[in-house]
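Undergrad:
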Amino acid sequence: MMDGSDPRAAMKVTADHLRRNAYLYVRQSSLRQVLHNTESTQRQYDLRGRAIRLGWTAEQIIVIDTDQGQSGASAADRDGFQRLVAEVSMGRAGVVLGLEVSRLARNNADWHRLLEICALSRTLILDEDGLYDPGNFNDRLLLGLKGAMSEAELHMLKARLIGGQLSKARRGELVMSLPVGLVYTTAGKVVLDPDTAVQQAIRHLFATFTATGSAIATVKAFRQQQLRFPRRITAGERKGELVWAALEHSQALRVLHNPRYAGAFCYGRHGHGRTPTGKPTTRLLPRDEWTVLINDAHPGYITWEQYETHQQRLSELAAARGTDRMASPPREGPALLQGLAICGVCGRRMTVRYHTRRDAQFPDYVCQAEGIRTATAICQNIPGAGIDTAVGALLMQKLTPLALQSALAVAEELSTRADDADRLRQATVTRARYHTDLARRRYLAVDPTNRLVADSLEADWNNALRELADATDQYEHAKASTAGPLSAQQQARITALAADIPALWSNPDTPQRERKRMARLLLQDVTISRGDHITVHIRLKGGQDHSLKLPLPLASWQLRKTPDEVVAAINELTEQHTDSQIAAILEQRGFTSGTGQPLHARIIRQIRDAYHLPSHTQRLRDAGLLTLNEIARQLDVNPRTVKSWRNAGLLTGHFANDKGEYLYELPSPDLPRPRIGRPPHQPTPTAGHTLHTEHDTVNTARRDHGREIA
Ligand SMILES: [Zn+2]
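This is the structure in structure tokens:
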């Protein structure tokens, strides 16, 4: 090893170097090293001694140790390293001292930068292996190599550790923390927890999930029966200790998803990554991406087939109960499926919008959340009245005594589980009693003169007694409140009730809110989509599915559709009559409008417009009838002449519309022309009366005051 006394090393140190300071760079990456690694502190003092032997004075040695207690993979994190670089580049450093200097920079880029600067400022580098002059080619090569080596070494160290872990995992031998209910034996084998209370609790969870079919229902059942579930503390002072607490949903899911309960060894179920801001993230990978999965590696609580079934069931539930699909409670408003409707296009929950028509509210089921969020077109908007009716009818049809029998059978099945629950609750009491005994014996065993210990043991004993009392109380209370199996009488009452529901449903006095409640009891959710027709997919709480196809709802004018025979009659009557005349005729025949209102001219006109039936006026015009002015133009005579013909009754007029206007047939060309000087308004005395045509249904008086169509 080179030393201060080494003549070759001493030769590198010049007076120029000695004029400048020596910088001792101390880097310890973690607080733990700072606390415990006194050995490296010792080595750093040795290094200082070597610098002194090379000619620097003790006062010249400046220690840079601001990195202590910090860790980081690049120079950006470390003030100390940057200060060192600054001092070196300003030419204040004659030498840089450090233990394994190449590690002084954590990555190669930092290291090479420091070398560069040292070479430029003719700064030496001293570590335990020797003294280097970065300006010298050979030394520079050596230092560069050392940097590269140290980076490679770190990399290989990591790879070796991970590789070792992986190969152990591949053999299923890697010791991993086990979920509650499984433990390692002293020989390192995985077995079921010998604590029977723990085993029972886990078996009960799986049995309840099988019976109820959902994690939420399982948690609910545990809570209703006041059962506790074991959990192992994973960190802190009480690490490894078993605590019993109320079951939580996330916990139930963890148990149900964990393959180890099916006796399978697995490794790499989670993928690790980082967010763009550098926050570490973890996500569960799909099964085919797991690094290792070994079935039947150790005893379990369920079979692999059961595990698979559970996963299938859970993923179905997850699809039905995404966060945006949580069912909401019934509110006011008539929409039966409010909070139950799911969009058949995008799978989001649909909201209800009402529109009012003739003082009644009609629901529309709308999928608009995404449209609102992204300011795009809404996904679906489907009129709901027809859907509500169809779903209601289906519910009443399905609510048969037979369907109810199967529901009662499930209730029966659950009540037999009550015995299991009772055993588990009893175990809690037994456990509390055991702890009390233990605390009592500890207290009695201690020397009473040792007040400090005796006091704390007495407190423990008191606590244990209190817990025992609580456990006993809870046990008694739960036992009293747990419903036993349904009696034959109860079953008969439920069946009778089921028969009553259809009557209640169809009773017009039943508030819609009650129907909504009933729907909510029976329906899981209803998926709606609109295409050529409306598809309604209904899931009942009992697990049955039904699909309905409904016609697209009619537009509002179609809802008010006029009967075909009325339309035909209007068409026929329009040939000869105006709208108000038709209204009077049809009313006499006993017809009303599509909405049941009495007919009048405005409705007749609307119906004509809707069915594109030409008006009476139009028909007369199509037949070639003209106004007086038009006749005058056509015959090239003064309009007053035509009026005089009309007044003389020479023209055949037809009542054209309800404003009292007329259209006239073109007269024959040989009608008399007025003589010059004769007042045009006077009727021609020679003219005979033209007979009214059968089309002219209007009385003469009205016709005489009739106006021409403008
Ligand atoms: Zn949608």
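In short: position in the sequence shown from 1, add 404, done, that's my numbering.
Glycine residues also receive a C-beta, built at the ideal position from the N, C-alpha and C atoms.
Values in this document were obtained by computation on a predicted structure and should not be read as measured data.
For Ala1036, tell me which candidate among Ser618, Leu1055, Pro1018 and Glu491 has the shortest Cα-Cα distance.
TA: Measuring from the Cα of Ala1036, the nearest candidate turns out to be Leu1055.
Undergrad: Pull up the DSSP beta-bridge partners for Asp768, would you.
TA: DSSP lists Arg757 and Pro787 as partners of Asp768.
Undergrad: According to DSSP, is Ile839 helix, strand or coil?
TA: According to the sequence as given, residue 839 is His; it is not Ile. Helix at His839.
Undergrad: Would you check if the segment 757-772 and the segment 912-929 touch, i.e. whether three or more CB-CB distances between them fall below 8 angstroms?
TA: Flag = no, the segment 912-929 and the segment 757-772 do not touch.
Undergrad: Cβ of Arg752 within 7 angstroms of any heavy atom in ligand 1?
TA: Arg752: yes, Cβ under 7 angstroms from ligand 1.
Undergrad: Measuring straight from C-alpha to C-alpha, what distance separates Gln765 and Gly790?
TA: Whole-angstrom Cα-Cα distance: 13 angstroms.
Undergrad: Among His941, Asn975 and Arg635, which residue has its Cα nearest to the Cα of Gly751?
TA: The shortest C-alpha separation from Gly751 is found at His941.
Undergrad: Sort out for me which residues DSSP pairs Lys624 with in a bridge.
TA: Answer is none; Lys624 lacks a bridge partner.
Undergrad: Would you mind stating whether Val489 and Ala455 have Cβ atoms separated by less than 8 angstroms?
TA: Contact: no.
Undergrad: Tell me the rounded alpha-carbon separation between His1004 and Trp909.
TA: The straight-line gap from Cα to Cα measures roughly 39 angstroms.
Undergrad: If you draw a straight line from the C-alpha of Ala605 to the C-alpha of Pro634, how long is it?
TA: Approximately 8 angstroms, taken between the alpha carbons.
Undergrad: Within a Cβ cutoff of 7 angstroms, which residues of the same chain sit near Gly459, ignoring the five residues on either side of it in sequence?
TA: Excluding sequence neighbours, Gly459 sits near Val417 and Leu422.
Undergrad: Keeping to the same chain, check which residues put their C-beta closer than 7 angstroms to that of Leu503; ignore five residues upstream and five downstream.
TA: Hits under 7 angstroms: Ser444, Arg447, Gln448, Leu451, Asp531 and Glu532.
Undergrad: Return yes when the Cβ of Gln629 is within less than 8 angstroms of the Cβ of Ala882, no when it is not.
TA: In this structure, Gln629 lies closer than 8 angstroms to Ala882 by Cβ.
Undergrad: Does DSSP classify Leu872 as helix, strand or coil?
TA: In this structure, Leu872 counts as helix in the three-state DSSP scheme.
Undergrad: Quick one: Cα of Met415 to Cα of Ala639, how far?
TA: Using only the alpha carbons, I get a separation of about 57 angstroms.
Undergrad: Are the beta-carbon atoms belonging to Leu798 and Leu718 less than 8 angstroms from one another?
TA: Their beta carbons are not under 8 angstroms apart, which means Leu798 does not touch Leu718 by this criterion.
Undergrad: Can you tell me whether Cys783 sits near ligand 1, meaning its C-beta is under 7 angstroms from at least one heavy atom of the ligand?
TA: Yes, Cβ of Cys783 sits closer than 7 angstroms to a heavy atom of ligand 1.
Undergrad: In angstroms, rounded to a whole number, what distance separates the CA positions of Gln587 and Tyr671?
TA: First, the amino acid is wrong: residue 587 is Val here, not Gln. Approximately 17 angstroms, taken between the alpha carbons.
Undergrad: With respect to the alpha helix (DSSP H) encompassing His653, which residues constitute its N-terminal and C-terminal limits?
TA: Residues His653 to His661.
Undergrad: The alpha helix (DSSP H) spanning Val1046 covers which residue range?
TA: Taken as a continuous stretch (DSSP letters only), the alpha helix (DSSP H) holding Val1046 covers Pro1043 to Asn1051.
Undergrad: Does the Cβ of Phe485 have 16 or more other Cβ atoms within 10 Å, making it buried, or fewer, making it exposed?
TA: With 16 or more other Cβ atoms within 10 Å, it is buried.
Undergrad: Among the residues of its own chain, which have a CB less than 7 angstroms from the CB of Leu1032, if the five just before and after it don't count?
TA: Answer for Leu1032: Pro1043, Val1046, Lys1047, Arg1050, Tyr1068 and Glu1112, listed in chain order.
Undergrad: Just the Cα atoms here: how many angstroms apart are Leu740 and Glu969?
TA: The straight-line gap from Cα to Cα measures roughly 36 angstroms.
Undergrad: Do you know how far the Cα of Tyr427 is from the Cα of Ala462?
TA: Distance between the alpha carbons of Ala462 and Tyr427 is about 11 angstroms.
Undergrad: Quick one: give me the first and last residue of the beta strand (DSSP E) that Ile1008 is part of.
TA: Premise fails: Ile1008 lies in the alpha helix (DSSP H), Ala1005 to Ala1014, not in any beta strand (DSSP E).
Undergrad: In terms of residues, what are the limits of the alpha helix (DSSP H) holding Leu977?
TA: Taken as a continuous stretch (DSSP letters only), the alpha helix (DSSP H) holding Leu977 covers Asp968 to Thr978.
Undergrad: Suppose the cutoff is 7 angstroms on Cβ atoms and the five residues either side in sequence are ignored; what does the same chain contact list for Leu689 look like?
TA: Arg673, His674 and Gly675, listed in sequence order.
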